[in-house]
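Below: one structure, written as structure tokens.
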Amino acid sequence: LMERKTHVTINRKVIMLAKLRKSCSCTPQKLKNFLMDFFPVLRWLPKYRCKEYIWGDVMSGLVIGIILVPQAIAYSLLAGLKPIYSLYTSFFANIIYFLMGTSRHVSVGIFSLISLMVGQVVDRELLLAGFDLNDDAPPASGDGSLQNDNLSNTTAFNLTIAGINAECGKECYAIGIATALTFMAGVYQVLMGIFRLGFVSMYLSESVLDGFATGASLTILTAQVKYLIGIKIPRSQGHGMLVITWINIFRNISQANLCDVITSAICIVVLVTAKELGDRYKHKLKFPLPTELVIIVVATLVSHYGKLNEVYASSVSGAIPTGFIPPKVPEFNLMLRVALDALPLAIVSFVFTVSLSEMFAKKYAYTIRANQEMFAVGFCNIIPSFFHSFATSAALAKTLVKTSTGCQTQISGVISAMVVLLVLLFLAPLFYSLQKCVLACIIIVSLRGALRKFRDVPARYHVNKVDTLVWVVTMSASALVSTEIGLLVGIVFSMLCIIVRTQRPRTALLGQIKDTSFYEDDLEYENLSTVPKVKIFRFEAPLYYANRNYFLKSLYRLTNLDPNLEAARRKKYEKKEKQHLKKGNHRTANGLGIGETTLQLVPKQIDFQTLVVDCSSISFLDTTGVNTLKEILKDYKNLNISVLLACCNPSVIDSLKRGGYFGKDFGCMQEMLFYSIHNAVLFAKDQK
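Note that the UniProt record's numbering gives residue 523 to position 523 of the sequence shown, counting from 1, and the numbers run on in steps of one.
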């Protein structure tokens with residue numbers, strides 16, 4: 001028997017006090033380290049190798065900035081906000097992540113899934129406030145004012161909501177909801193960083209995230225169809241939005257705008273062709289083709305000079321003002337309304353950012369700090385919320401473009417922010433005549449990656465059927481119910497799958513591999529030999545309260561012996577024998593003599609004298625698990641069958657000791673516990 005090491009008892013109270021004392025102390029060096037940890041740019045920027053890095057950073061920053069502008073304008077449709085707010089979001093997120101992020105490559109800014117989640121909350125609150133969700137009204141006259149709101153919307157607002165400026169209309173209230181939601185999401189992320197709750201992201205498996213992204217992509221696609229064909233239907237809200245929207249689309253398909261349909265068809269063909277060519281020849285291209293920007297410029301010129309809005313009633317973006325709005329503190333009353341909605345938004349935003357950061361850090365051989373990433377993305381939400389911005393996250397597509405164009409550090413993020421700033425200050429009004437169907441085309445084509453996940457379903461099913469089921473359930477719930485519910489359903493369902501796996505794990509009787517000391521499942525392998533008078537049972541899961549009954553049923557089924565039933569049968573038989581003897585009848589109930597009765601007490605079906613339990617797959621025992629093993633030890637002992645445990649890990653052995661499995665002084669431990677199955681089998685043979 002191997003000897004266990006003696007572990008020194010740790011006084012946790014002393015350690016906690018020492019850590020608390022150390023954390024509460026303040027020295028110049030500690031303050032410096034805190035600042036450099038909180039703002040990682042202070043560590044890497046002084047070491048920046050300008051000649052080596054600057055060209056790649058500038059090129060990638062310019063390319064991402066060029067991509068950001070059309071995407072920012074397009075994703076404003078998803079968020080239910082004006083394009084100017086998407087540009088604000090892209091600008092501030094890049095600057096703040098440059099200061100606080102630990103990843104060199106991720107691109108943080110607007111993200112389609114986050115924009116969708118923000119838009120759903122904004123639409124719901126606008127509807128509750130009495131506003132009209134129809135965003136296809138004729139655009140304002142382009143005076144650059146952000147206060148140009150519909151008067152009827154202002155009246156509806158005043159009748160429903162109190163506590164905010166009475167002159168605040170639909171647009172003002174929408175961005176108020178978005179900033180309150182963003183602020184709360186950022187607060188949650190910072191609190192999660194303070195309390196080191198990053199482990200929450202572990203419960204979002206790859207199948208859950210992929211299913212959530214695909215389901216949300218279907219919702220995004222559905223929301224953009226009305227812009228593609230130019231019909232005016234209300235934005236659906238609540239559960240089942242996807243189905244309701246498609247019903248409304250087919251009911252109003254006869255009202256489709258021919259100009260928008262033709263424009264959409266041309267844009268989608270051009271965008272998809274350019275993307276496919278870019279993917280095929282990306283190794284020959286130094287940087288991706290700025291197809292979205294070209295499409296937007298050409299479409300804006302055609303729409304402006306062709307007067308598509310005036311002649312064909314094609315819906316356009318309208319006035320996009322220049323400059324910055326004075327900062328404003330998000331409304332506390334609105335924070336209370338959206339506090340619950342901010343939680344899934346915070347988790348999804350953090351998980352996507354950290355997973356992408358870890359993926360590219362591993363690819364380029366450096367490390368990130370997940371906790372600091374949580375702080376970074378949290379402040380990317382908190383600070384911009386004062387400047388009329390909404391929630392942000394890292395985006396895979398833009399990050400891939402950054403790395404492919406030579407990005408080395410987050411200097412590229414600053415360059416991208418400068419490109420967005422140029423548009424904010426000077427170029428934004430030029431997009432007045434840009435058709436909304438063009439923006440919808442850009443959004444839909446950007447969903448190609450998520451929608452292609454459907455092609456991977458057969459391969460995913462071949463690899464793991466349970467993960468495929470998790471993906472299907474999460475995707476269906478996200479698309480057919482709502483994104484937040486879909487995420488929750490995915491997490492709960494994936495955890496239930498794990499629980500079910502441990503509740504009904506694989507069980508097996510083992511046979512010996514000939515001429516070796518190894519044992520395997522006799523149903524899975526050929527030419528295994530059974531050990532005479534010995535049964536070897538394997539249980540491939542932790543033994544705890546939820547699978548106790550399954551453990552016992554599997555053991556009794558595979559060994560073909562239920563000790564409780566056998567003991568009851570024997571007691572019943574002995575009782576009958578005593579009754580016959582008292583009556584003076586020396587013949588038993590079966591017509592046998594007393595000497596032959598002993599043979600009847602040992603049933604023929606018991607073909608083993610030792611049960612070996614292979615505990616190699618039992619990672620832990622709870623109190624119920626220990627009691628279960630004690631129960632089978634006692635029950636089989638009543639039938640003169642020995643129970644031996646093999647391959648127990650130290651934590652299982654400790655649980656058995658504490659539970660009294662080996663007796664008070666552990667005197668029988670050497671005869672009950674073995675470090676290999678073969679040792680247990682040899683011991684059983686010697687005992688015979």
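Even for Gly, the Cβ is constructed at its ideal location relative to N, Cα and C.
Residue i - DSSP class collapsed to helix/strand/coil
| i | result |
| --- | --- |
| SER90 | helix |
| ASP686 | helix |
| SER103 | coil |
| GLY660 | coil |
| PHE386 | coil |
| ASP467 | helix |
| LYS535 | strand |
| SER478 | helix |
| LEU343 | helix |
| residue 699 | Outside the displayed range of the chain (1 to 688) lies residue 699, so it cannot be described from this structure. |
| ALA140 | Bear in mind that the predicted position of ALA140 carries a pLDDT of just 42, short of 50, making it too unreliable to give a figure here. |
| VAL329 | coil |
| LYS5 | coil |
| LEU555 | helix |
| SER655 | helix |
| GLN435 | strand |
CB of residue i within 8 angstroms of CB of residue j, strictly
| i | j | result |
| --- | --- | --- |
| GLY65 | VAL420 | yes |
| GLY413 | GLY193 | no |
| SER86 | ALA79 | yes |
| LYS514 | ASN527 | yes |
| LEU113 | ILE491 | no |
| VAL106 | GLY378 | no |
| PRO429 | THR322 | yes |
| LEU127 | GLN224 | no |
| PHE537 | LEU543 | no |
| ASN627 | PRO563 | no |
| THR409 | ARG104 | yes |
Residue range of the unbroken beta strand (DSSP E) whose run includes residue i
| i | result |
| --- | --- |
| SER642 | 642 to 646 |
| TYR519 | 519 to 521 |
| LEU35 | First-last for LEU35: 28 to 38, but that is the alpha helix (DSSP H), not the beta strand (DSSP E). |
| GLY511 | 507 to 513 |
Closer than 8 angstroms to chain D by CB, residue i
| i | result |
| --- | --- |
| THR623 | As a matter of chain content, chain D is missing from the structure shown, which is built from one protein chain. |
Residue i classed as buried or exposed, judged by whether at least 16 other C-beta atoms fall within 10 angstroms
| i | result |
| --- | --- |
| SER141 | Because SER141 carries a pLDDT of 41, less than 50, the predicted location of this residue cannot be relied on, and no value is offered for it. |
| CYS441 | buried |
| HIS7 | exposed |
| ASP341 | buried |
| TRP246 | exposed |
| ARG455 | exposed |
| MET36 | exposed |
| PRO327 | exposed |
| GLN579 | exposed |
| LEU510 | buried |
| LEU524 | The displayed chain sequence assigns Glu, not Leu, to residue 524. That one is exposed. |
Integer-rounded CB distance, given that residue j should sit under 8 angstroms from residue i
| i | j | result |
| --- | --- | --- |
| PRO70 | LEU293 | 6 angstroms |
| SER655 | LEU633 | That pair is no contact at about 14 angstroms. |
| ALA174 | VAL122 | 5 angstroms |
| LEU439 | LEU77 | 6 angstroms |
| VAL108 | LEU181 | Going by Cβ atoms, the distance from VAL108 to LEU181 rounds to 18 angstroms, so no, they are not a contact pair. |
| ILE653 | LEU673 | 7 angstroms |
| SER619 | CYS647 | Not really, about 12 angstroms apart at Cβ, beyond 8 angstroms. |
| LYS630 | GLY663 | Wrong, their Cβ atoms sit about 11 angstroms apart, outside the cutoff. |
| ASN257 | SER314 | 6 angstroms |
| GLY625 | ARG548 | 7 angstroms |
| VAL131 | LYS170 | Checking the displayed sequence, the identity of residue 131 turns out to be Phe instead of Val. That pair is a contact at about 5 angstroms. |
| MET475 | MET335 | MET475 to MET335, Cβ: 31 angstroms. No contact. |
| SER554 | VAL351 | Incorrect: roughly 37 angstroms between the Cβ atoms, too far for contact. |
| ASN94 | SER416 | 5 angstroms |
Residue range of the unbroken alpha helix (DSSP H) whose run includes residue i
| i | result |
| --- | --- |
| ALA397 | 396 to 404 |
| ILE67 | 50 to 79 |
| LYS47 | Premise fails: LYS47 is in no alpha helix (DSSP H) and is neither H nor E. |
| LEU425 | Counting along the chain, LEU425 falls outside any alpha helix (DSSP H), and DSSP gives it neither H nor E. |
| VAL613 | Careful: VAL613 lies outside any alpha helix (DSSP H), inside the beta strand (DSSP E) at 608 to 614. |
| residue 695 | Missing from the structure shown is residue 695; the chain here goes from 1 to 688 and no further. |
| ASP123 | 112 to 128 |
| CYS296 | First, the amino acid is wrong: residue 296 is Ile here, not Cys. That run of the alpha helix (DSSP H) goes 291 to 306. |
| ASP635 | 623 to 637 |
| VAL270 | 258 to 280 |
| GLY193 | 170 to 194 |
| LYS226 | 206 to 229 |
| ILE485 | 483 to 503 |
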